[in-house]
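Engineer:
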Amino acid sequence: MKKRRFRFTKGDRELSLLALPSIIYIFVFSYLTMFGVIIAFKDYRYDKGILGSEWVGLSNFKFFFISEKAFIVTRNTIMYSLWFWVITTLSALLIAILLNEISRKWSKYYQTIMFLPTFVSWVVVMFLAQIFLNHNYGFLNRFFETIGLERISWYLEPVYWPIILTIAHLWKGIGFSALVYYAGIVAIDPSYYEAARMDGATRFQMARKITIPMLSPLIIILMIMAIGNMFRGDFGLHYFVSNNAPLLYNTTDIIDTFVYRALSVSGDMSMATAVGFYQSFVGLLLVVGANYTVRKISEENSLW
């Protein structure tokens, strides 16, 4: 059997040029910067630099893991990531299926409206949240007053914030996720639906028996990517929307916000790097493990 030789065609050259900015970006910010990982194993001092600082081994990791914050930020990061993926996937699938049921003309308007929040900065979302949640002039507290209820100090009550963060996450991200699934639905061969209609299948049955099974490879791929990012939470969501309120740390704090405060407040570069390395290493293990599991079940649905 002859070996197939790789031929670099004109089309490949054009695609490579399109991908070149992303390749350069990833190389510069994801690979060249990996040299700084050694800071996690050193007592970093600015005057001595990376190479001149003293080696301390795993002391920085030990300092993090024996602190009470290690369990809290790890728990919050994992639980929020899992919950956000579940609620976003279910909601995006539902919206994508509904978009497929309306005319293409109107679906374009709905897609645009849902996609716009994706481009809104989390800083802007922070001010929008304050408009609703401010204790004195917030819309929600004013509404509560009109119906005879007491005001709520939202930024002092951690119990409400899992719901608030979920709403903010859905509002900003569900449009993009729905468009991804909608693109997958559009790519499904229409003959499947025509045959189902001839057999008398309802819209719900077609969605359950055709749409969702045909989208399963896409859902699995996005699931693997979500598992890989399970230890990498949304910094903007947890830091800006909660206004970095200290009383909410036990509920809203994740690894990313913890690392940021380790740098900005205490200036401990070594511990912050150690926590970031721990975050990346566990994320790598998770995505490799998830892909291995999927490959054992269905090799065609795995990433590699």
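Residue numbers (the working numbering): 175 to 478.
Heads up, the beta-carbon is just placed ideally off N, CA and C, and yes, glycines get one too.
Here the structure is a predicted model, which means the values were calculated and not measured.
1. Is it true that the CB of Ala448 sits closer than 8 Å to the CB of Ala214?
2. Does the beta carbon of Val299 fall short of 7 Å from some heavy atom of the ligand ADP?
3. Are the CB atoms of Trp280 and Thr425 nearer to each other than 8 Å?
4. Short of 7 Å in beta carbon distance, which residues of its chain neighbour Leu330, apart from the five on each side in sequence? Order them along the chain.
5. Check Trp259 in the structure and name its three-state DSSP category.
6. Alpha carbon to alpha carbon, how far is Gly322 from Leu411?
7. How is Trp296 classed by DSSP in three states: helix, strand or coil?
8. Using alpha carbons as the reference points, say which of Ile212, Val211, Glu228 lies closest to Arg219.
9. In angstroms, rounded to a whole number, what distance separates the CA positions of Phe405 and Thr248?
10. Measure the beta-carbon distance from Ala361 to Ile384 and round it to whole angstroms, keeping in mind my assumption that it falls under 8 Å.
11. Throw me the rounded Cβ distance for the Val299 and Phe414 pair, which I believe falls under 8 Å.
12. With DSSP as the reference, please indicate the residues paired to Trp478 in a beta bridge.
13. Identify whether Ser416 lies in helix, strand or coil by the three-state DSSP scheme.
14. Does the stretch 280-293 touch the stretch 340-347, meaning 3 or more C-beta pairs lie closer than 8 Å?
15. Buried or exposed: which applies to Phe301, given that a residue is buried once 16 or more other Cβ atoms fall within 10 Å of its Cβ?
16. Going by beta carbon distance, what residues of the same chain come within less than 6 Å of Asn274, once the five residues before and after it are set aside?
17. Quick one: give me the first and last residue of the beta strand (DSSP E) that Glu319 is part of.
18. In whole angstroms, what separates the C-alpha of Ile471 from that of Asn465?
19. Beta-carbon separation of Ala446 and Val433 under 8 Å?
Structural biologist: Quick look at the numbers:
1. Taking the first residue of the sequence shown as 1, we reach residue 214 at position 40. Taking the first residue of the sequence shown as 1, we reach residue 448 at position 274. The answer is yes: Cβ separation under 8 Å.
2. For the ligand ADP, the structure offers nothing, since it holds no ligand at all.
3. Position 106 of the sequence shown, counted from the start, is the residue given in the question as residue 280. Position 251 of the sequence shown, counted from the start, is the residue given in the question as residue 425. Taking 8 Å as the Cβ cut-off, Trp280 and Thr425 do not qualify as a contacting pair.
4. Here residue 330 refers to the residue found at position 156 when the sequence shown is read from its first residue. Closer than 7 Å at the Cβ level, and outside the excluded window around Leu330, lie Leu421.
5. Counting from one through the sequence shown, the residue named residue 259 turns up at place 85. Residue state, collapsed to three classes: helix.
6. As a working mapping, residue 322 is identified with position 148 in the sequence shown. As a working mapping, residue 411 is identified with position 237 in the sequence shown. Answer to the nearest angstrom: the Cα atoms are 32 Å apart.
7. By one-based count along the sequence shown, residue 296 stands at place 122. Helix at Trp296.
8. If you number the sequence shown from 1, residue 219 lands on position 45. The shortest C-alpha separation from Arg219 is found at Glu228.
9. For the purposes of this step, residue 405 is taken as residue 231 along the sequence shown, with counting starting at 1. For the purposes of this step, residue 248 is taken as residue 74 along the sequence shown, with counting starting at 1. Approximately 8 Å, taken between the alpha carbons.
10. As a working note, residue 361 is residue 187 in the sequence shown. As a working note, residue 384 is residue 210 in the sequence shown. Not a contact, Cβ separation roughly 13 Å.
11. Translated into the one-based positions of the sequence shown, residue 299 becomes position 125. Translated into the one-based positions of the sequence shown, residue 414 becomes position 240. With 8 Å as the limit, Val299 and Phe414 qualify as a contact, their Cβ atoms being about 7 Å apart.
12. The sequence position of residue 478 within the sequence shown is 304, counting from 1. Bridge partners of Trp478: none, in fact.
13. By 1-based counting over the sequence shown, the position of residue 416 is 242. The answer is coil: DSSP assigns Ser416 none of H, G, I, E or B.
14. yes
15. As a working mapping, residue 301 is identified with position 127 in the sequence shown. Classification of Phe301: exposed, given that the 10 Å Cβ count is below 16.
16. Position 100 of the sequence shown, counted from the start, is the residue given in the question as residue 274. Contacts found: Ile359.
17. The residue labelled residue 319 in the question sits at position 145 within the sequence shown. Segment 313-320 is the alpha helix (DSSP H) holding Glu319; no beta strand (DSSP E) there.
18. By one-based count along the sequence shown, residue 471 stands at place 297. By one-based count along the sequence shown, residue 465 stands at place 291. Spanning the two alpha carbons is a distance of roughly 10 Å.
19. Translated into the one-based positions of the sequence shown, residue 446 becomes position 272. Translated into the one-based positions of the sequence shown, residue 433 becomes position 259. Yes. Within cutoff.
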